[in-house]
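Reviewing the structure listed below.
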Amino acid sequence: MDHALTYEDWLKAATLLDELEGWNAWKQDPSSPDYDWELVQTRLEQLQHVRESGQSQSAMIFALRTSLARNLGDMGNPKLYTPVGTKDLITAYIDQVVEQLNWVCDEPSPDLDLRAKHDFFMTIRQSFGRTALLLSGGGTLGLNHLGVIKCLHKQRMLPRIISGASSGSIMAALVCTRTDDEIPYMFNPAGIQLDVFERKNQPDTPLMRIHRLLSKGQLYDLDILRDAMRENLGDMTFQEAFNRTRWILNITVSSTTLYDMPRLLNYITAPDVLIWSAVAVSCSVPVFYGSSQLYVKDKTGNVVPWNPSEQLYMDGSVDNDLPMNKLSELFHVNHFIVCQVNPHVIPFLQKSNSPSCLRKAANVCMHLAKTEVQHRCTQLTELGVAPALFSKVQSIMSQKYSGGITIIPKVGYSDFLKVLSNPTNETVMESITRGERATWPKLSIIKNHLQVELTIDACLYRLRLRRLAELPYNPANGGGRPLLENRASSHLDIPRQTIESTRSTPVSRCRNSAKRELAMTATQTRPRETKDPNVMA
Numbered sequence: 001m002d003h004a005l006t007y008e009d010w011l012k013a014a015t016l017l018d019e020l021e022g023w024n025a026w027k028q029d030p031s032s033p034d035y036d037w038e039l040v041q042t043r044l045e046q047l048q049h050v051r052e053s054g055q056s057q058s059a060m061i062f063a064l065r066t067s068l069a070r071n072l073g074d075m076g077n078p079k080l081y082t083p084v085g086t087k088d089l090i091t092a093y094i095d096q097v098v099e100q101l102n103w104v105c106d107e108p109s110p111d112l113d114l115r116a117k118h119d120f121f122m123t124i125r126q127s128f129g130r131t132a133l134l135l136s137g138g139g140t141l142g143l144n145h146l147g148v149i150k151c152l153h154k155q156r157m158l159p160r161i162i163s164g165a166s167s168g169s170i171m172a173a174l175v176c177t178r179t180d181d182e183i184p185y186m187f188n189p190a191g192i193q194l195d196v197f198e199r200k201n202q203p204d205t206p207l208m209r210i211h212r213l214l215s216k217g218q219l220y221d222l223d224i225l226r227d228a229m230r231e232n233l234g235d236m237t238f239q240e241a242f243n244r245t246r247w248i249l250n251i252t253v254s255s256t257t258l259y260d261m262p263r264l265l266n267y268i269t270a271p272d273v274l275i276w277s278a279v280a281v282s283c284s285v286p287v288f289y290g291s292s293q294l295y296v297k298d299k300t301g302n303v304v305p306w307n308p309s310e311q312l313y314m315d316g317s318v319d320n321d322l323p324m325n326k327l328s329e330l331f332h333v334n335h336f337i338v339c340q341v342n343p344h345v346i347p348f349l350q351k352s353n354s355p356s357c358l359r360k361a362a363n364v365c366m367h368l369a370k371t372e373v374q375h376r377c378t379q380l381t382e383l384g385v386a387p388a389l390f391s392k393v394q395s396i397m398s399q400k401y402s403g404g405i406t407i408i409p410k411v412g413y414s415d416f417l418k419v420l421s422n423p424t425n426e427t428v429m430e431s432i433t434r435g436e437r438a439t440w441p442k443l444s445i446i447k448n449h450l451q452v453e454l455t456i457d458a459c460l461y462r463l464r465l466r467r468l469a470e471l472p473y474n475p476a477n478g479g480g481r482p483l484l485e486n487r488a489s490s491h492l493d494i495p496r497q498t499i500e501s502t503r504s505t506p507v508s509r510c511r512n513s514a515k516r517e518l519a520m521t522a523t524q525t526r527p528r529e530t531k532d533p534n535v536m537a
């Protein structure tokens with residue numbers, strides 16, 4: 001399994017291992033101390049009773065609203081998942097919810113019109129929450145993120161909301177500035193520019209770096225990083241990237257002052273900021289790169305500083321490696337898939353659901369040491385001893401570096417020596433393979449977390465299409481109803497807006513306004529086209 005080259009080969013080996021170790025019998029037994037199996041079984045029986053007794057869709061909606069939750073009875077506990085599945089009861093409950101959601105959406109009902117169904121699915125999506133993929137920093141180790149992205153994209157499980165910090169921002173920007181059809185090409189090392197530490201034909205010498213450190217306070221030339229990112233991303237802003245691809249890109253940056261909060265940049269908070277400048281700032285690790293300004297594209301298309309006061313920003317991992325709170329506020333995200341490759345974090349993360357006694361003792365010692373360092377940093381900051389430095393150290397120590405699902409690629413000691421050097425094509429391909437192998441064991445739990453969420457999005461999309469179809473034909477409004485571009489996309493992706501009618505001659509303000517609203521919202525939940533719309537690929 002550790003040496004499998006494809007997911008299919010790995011899955012065959014993992015399935016055989018489950019059978020040999022007796023996990024199939026364990027899956028058939030619903031009871032377990034790791035979750036409230038009686039609650040899950042009760043909710044399953046309630047849904048089955050409502051459907052089998054011939055009750056109305058209103059009764060089913062009531063049952064779904066009162067019982068549907070992402071982690072009902074703690075059924076998302078990682079201890080309940082083998083590499084290829086979980087308890088049959090959990091699978092049956094999720095399948096039942098998916099079936100009833102599709103029934104409510106697709107079957108006509110005398111007591112529910114399309115608007116009532118649409119309102120129900122909007123409400124339940126907000127209460128159920130959304131999923132985001134968070135990519136940590138880690139220098140060249142961030143290339144492992146490419147493998148995670150490739151695996152999730154191939155399995156059509158890549159969340160639409162993606163956040164990155166430091167080197168993670170490079171990978172997040174690469175995927176979020178590409179359409180669904182363009183993403184597979186980014187996994188070819190020849191297609192992206194990753195020479196961010198020194199120019200390909202002009203290598204730095206140790207003497208040059210020492211001179212740069214003494215004169216500018218940085219080991220590496222920030223202009224090299226900027227040029228590489230500009231070559232990869234062009235002069236595209238957050239808003240332009242969202243309009244083109246419908247992926248929601250988020251990049252974290254930290255302030256160089258004590259008084260400004262860390263920022264999360266996206267198409268809502270910083271629509272006109274150039275993505276290459278945000279990536280360059282997020283990668284500006286103190287000492288290695290100098291802090292920098294953010295740049296925006298003004299109304300005339302000129303590149304100008306974002307902040308007139310010339311405020312500088314630096315590495316996003318310092319204050320906010322994983323911006324969970326801000327993502328929850330902006331996009332109702334309550335489930336986080338984290339890929340963690342930070343060199344100073346990986347050794348301290350728990351990689352097993354059942355750690356040994358020695359590992360538990362080591363975790364206690366590390367926790368005591370961490371709290372002691374935090375306490376001393378707080379004291380030094382309050383005493384005025386290098387407050388800027390020790391406040392940042394305290395911020396690094398106090399952050400949360402894991403999520404609901406944490407993917408930790410296997411990194412060797414030799415890889416740590418290459419963290420601050422330009423990667424070769426071989427290094428890129430090895431990192432992609434490591435990222436994929438680290439993601440394969442997590443696919444079963446990721447699927448169970450996403451299946452209901454994806455079904456809600458798919459139902460919303462179908463309902464909005466049907467509401468659009470009910471709008472009357474208007475020849476004076478550009479020849480008919482708004483058009484939706486037909487392209488394959490991620491389940492959580494939003495296709496590009498191609499609504500020609502929004503630019504046509506107005507006939508009725510109210511009618512055109514309704515069309516625009518429906519057309520815009522219809523594109524925001526369009527699912528990926530699959531052979532069976534009720535089953536995730």
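In this text, residue positions in the sequence shown follow UniProt numbering: the first is 1, and each later residue adds one. All C-beta atoms, glycine included, are put in the ideal place defined by N, C-alpha and C. This one's a predicted model, so the numbers in the text were calculated from it and none came from an experiment.
> In this structure, does DSSP put Y7 in helix, strand or coil?
Replying inline: When DSSP states are grouped into helix, strand and coil, Y7 belongs to the helix group.
> Can you name the residues that DSSP bridges to N250?
Replying inline: The partner list for N250 (beta bridge, DSSP) reads S163.
>> Considering just the uninterrupted stretch of the beta strand (DSSP E) at K447, what are its terminal residues?
In response: Boundaries around K447 are those of the alpha helix (DSSP H), 443 to 470, since no beta strand (DSSP E) includes it.
> Mind checking whether G435 and I149 have CB atoms under 9 Å apart?
Replying inline: In this structure, the beta-carbon distance from G435 to I149 falls below 9 Å.
>> Give me, in chain order, the residues of the same chain whose beta-carbon lies closer than 8 Å to that of P305; leave out the 5 immediate sequence neighbours on both sides.
In response: The beta carbon of P305 sits closer than 8 Å to those of Q293, L294, Y295, V296, all from its chain and outside the five residues before and after it, given in chain order.
> Which one of I90, H375, Q46 has the shortest CA to CA distance from G76?
Replying inline: From the listed residues I90, H375, Q46, the smallest Cα separation to G76 is found for I90.
>> In this structure, how does DSSP classify S402 when only helix, strand and coil are distinguished?
In response: In the structure shown, the three-state DSSP call for S402 is coil.
> In three-state DSSP terms, what is F242?
Replying inline: F242: helix per DSSP, three-state reduction.
>> Suppose you measure from the CA of A270 to the CA of E240; what does that come to, to the nearest Å?
In response: In a straight line, the C-alpha of A270 is about 11 Å away from that of E240.
> Taking Cβ positions, are I446 and L327 nearer each other than 9 Å?
Replying inline: Not closer than 9 Å, so no.
> How long is the line joining the alpha carbons of Y7 and T433, rounded to whole angstroms?
Replying inline: Rounded to whole angstroms, Y7 to T433 spans 11 Å at the Cα level.
> Can you name the residues that DSSP bridges to C365?
Replying inline: As DSSP reads the structure, C365 sits in no beta bridge.
> How long is the line joining the alpha carbons of C339 and V345, rounded to whole angstroms?
Replying inline: Whole-angstrom Cα-Cα distance: 12 Å.
>> When you compare the CB positions of A172 and L225, do they come within less than 9 Å of one another, or not?
In response: No, the pair does not count as a contact, with Cβ atoms beyond the cut-off.
> What do you reckon, are the CB atoms on V285 and V341 nearer than 9 Å?
Replying inline: The answer is no: Cβ separation not under 9 Å.
> Exposed or buried, what is V196 when buried is set at 16 or more other beta-carbons lying within 10 Å of its beta-carbon?
Replying inline: Buried, since its Cβ has 16 or more Cβ neighbours within 10 Å.
> Which of helix, strand or coil does DSSP assign to H335?
Replying inline: The answer is strand: DSSP assigns H335 an E or B state.
> Nearest to G164 by alpha carbon, out of T455, F416, A369, A278?
Replying inline: Looking at the Cα atoms, A278 is the closest of the given residues.
>> Looking at V40: is its Cβ nearer than 9 Å to the Cβ of Y93?
In response: Closer than 9 Å, so yes.
>> Taking the straight line between their C-alpha atoms, what separation do you get for K360 and T406?
In response: Whole-angstrom Cα-Cα distance: 19 Å.
> Can you pull the DSSP bridge partners for N199?
Replying inline: The sequence given here places Arg at residue 199; Asn does not occur at that position. Residue pairing for R199: DSSP places it in a beta bridge opposite Q202.
> What are the boundary residues of the alpha helix (DSSP H) that K117 is part of?
Replying inline: For K117, the enclosing alpha helix (DSSP H) covers residues 114 to 128.
> Expressed to the nearest angstrom, what Euclidean distance is found between the alpha-carbon atoms of P335 and S67?
Replying inline: Position check: residue 335 holds His in this sequence, whereas Pro was assumed. Going by the C-alpha atoms only, they are around 18 Å apart.
> From what residue to what residue does the alpha helix (DSSP H) around R178 run?
Replying inline: Judged by DSSP secondary structure, R178 falls outside any alpha helix (DSSP H); it is assigned neither H nor E.
> Could you give the C-beta distance for T381 and S395, rounded to a whole number, given that I count them as a contact under 8 Å?
Replying inline: About 11 Å separates the beta carbons of T381 and S395, which is beyond the 8 Å limit, so they are not a contact pair.
> How long is the line joining the alpha carbons of V97 and D34, rounded to whole angstroms?
Replying inline: Approximately 22 Å between the Cα atoms of the pair.
> So T245 and T177 are in contact, right, with Cβ under 8 Å, and what is the actual spacing, rounded?
Replying inline: At roughly 7 Å, the Cβ-Cβ gap stays under 8 Å, so T245 and T177 are in contact.
> What are the boundary residues of the beta strand (DSSP E) that L265 is part of?
Replying inline: Looking at the DSSP string, the run of the beta strand (DSSP E) that includes L265 is 263 to 265.
> Which full runs of the alpha helix (DSSP H) of 4+ residues lie inside the stretch 31 to 95, going along the chain?
Replying inline: Counting whole runs of 4 or more residues, the stretch 31 to 95 contains the alpha helix (DSSP H) stretches 37 to 52, 57 to 67.
>> For L213 and L264, what's the separation of their Cα atoms in angstroms?
In response: If you take the alpha carbons of L213 and L264, they lie about 29 Å apart.
> Are L134 and L349 touching if we call contact CB-CB under 9 Å?
Replying inline: No, they are not a contact pair.
> Considering only residues of the same chain and omitting the five flanking positions on each side of residue 588, which have a CB-CB separation below 6 Å?
Replying inline: Since the first residue of the chain shown is 1 and the last is 537, residue 588 is not available in this structure.
> Mapping DSSP to helix, strand and coil, what is Y289?
Replying inline: In the structure shown, Y289 sits in coil (DSSP, three-state: anything other than H, G, I, E or B).
>> Less than 9 Å between the C-beta atoms of L146 and V428, yes or no?
In response: In contact: L146 and V428 (Cβ atoms closer than 9 Å).
> CB of V373 to nearest heavy atom of the ligand FAD: below 8 Å?
Replying inline: As presented, the structure is devoid of all ligands, the ligand FAD included, so that no description of it is given.
> Exposed or buried, W247, counting other C-beta atoms within 10 Å across all chains shown (16 or more means buried)?
Replying inline: When all chains shown are included, W247 counts as buried.
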